[in-house]
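K.L.:
Mind looking over this structure? Questions follow.
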Amino acid sequence: HVRARPEVVASGWRSGCPGHFDMVLISDMPQSSGLHTLDVAQVHVIFTLPRQFGMYSRALAYIEWFMPFRLPDPSSQLLQVSCSTCHLCRNAAVIHVDKIV
Numbered sequence: 002h003v004r005a006r007p008e009v010v011a012s013g014w015r016s017g018c019p020g021h022f023d024m025v026l027i028s029d030m031p032q033s034s035g036l037h038t039l040d041v042a043q044v045h046v047i048f049t050l051p052r053q054f055g056m057y058s059r060a061l062a063y064i065e066w067f068m069p070f071r072l073p074d075p076s077s078q079l080l081q082v083s084c085s086t087c088h089l090c091r092n093a094a095v096i097h098v099d100k101i102v
């Protein structure tokens, strides 16, 4: 499951809940293998288009891109990523959810 849930603000007796936006790996090359062939993104919304836009039933995701993997962190050995930006704005896209690995 990929989660994209906005923050819920506490109101009266109802407690709040922080937002949760999963990180995902995106593949544009289904025949390729290896981490170096995947892109990293954060999912913010999963949706389908209303019928007034035609009979397009595939689910879509609004994502924000990250830069390609960097060398592992020396202490944790985890690969590092950073936000992809252009003129200080996040690079974003709408993709088909079937591109999410």
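The C-terminal residue of the sequence shown carries number 102 in the working numbering, and the numbering is unbroken.
Backbone N, C-alpha and C define an ideal beta-carbon position, used for all residues, glycine too.
1. Considering only residues of the same chain and omitting the five flanking positions on each side of glycine 20, which have a CB-CB separation below 7 Å?
2. Can you tell me whether glycine 29 is helix, strand or coil according to DSSP?
3. Roughly how many angstroms separate the alpha carbons of cysteine 90 and arginine 4, rounded to a whole number?
4. Give a yes or no on whether the C-beta atoms belonging to valine 25 and alanine 11 are separated by under 7 Å.
5. For serine 102 and serine 28, which I take to be in contact (beta-carbon distance under 8 Å), what is that distance rounded to the nearest angstrom?
P.N.:
The structure says:
1. Arg6, Pro7 and Glu8
2. Sequence check: residue 29 is aspartate here, not glycine. Aspartate 29 falls in the coil class under three-state DSSP.
3. 23 Å
4. no
5. Note on identity: in this sequence residue 102 is valine, with serine being the wrong assignment. Right, their Cβ atoms sit about 5 Å apart.
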